[in-house]
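Some notes on the structure that comes next.
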Amino acid sequence: MDTARTTEAMKPANADDVDRIDYLYHRGWEFIGMPERLPSGLFQAKVHYRSLLMGQNGLLASDRQACETERQALGVGWEDAMSWAREHRDDHHGCL
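If you read the sequence shown in this note's numbering, its first letter stands for residue 1, the second for the next number, and so on.
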């Protein structure tokens, strides 16, 4: 699997307009997080995931409160991502 090409494909079409893109690797999953400014001026993280073992990918849904800073929003996004990875560990057929 071409990791660089898959990671590039996960980035949003407007990635050049995004000020910050962060990466997290946890339990066999790669997460790409971008802070998104809401109409209220607050921030929320948009987090995409990809299985490093099976290539499965998607977007995590976030029901969290909006945050005052990009850093806070990404912190909340990473908490959600790690929790999601724990819940989906069986997607890797017990190899983690």
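The C-beta atom is built at its ideal place from N, Cα and C for all residues, glycine as well.
Would residue i pass as a contact of residue j if the rule is Cβ separation under 7 Å?
i	j	result
LYS46	MET34	yes
GLY28	LEU60	no
LEU42	PHE31	no
ARG50	ASN57	yes
HIS26	ALA85	yes
Where DSSP assigns a beta bridge to residue i, which residues make up the other side?
i	result
SER51	TRP29
LEU59	HIS48
GLU36	GLN44
LEU24	PHE31
Should residue i go down as buried or exposed, given a rule of 16 or more other Cβ atoms within 10 Å for buried?
i	result
GLU70	buried
LEU38	exposed
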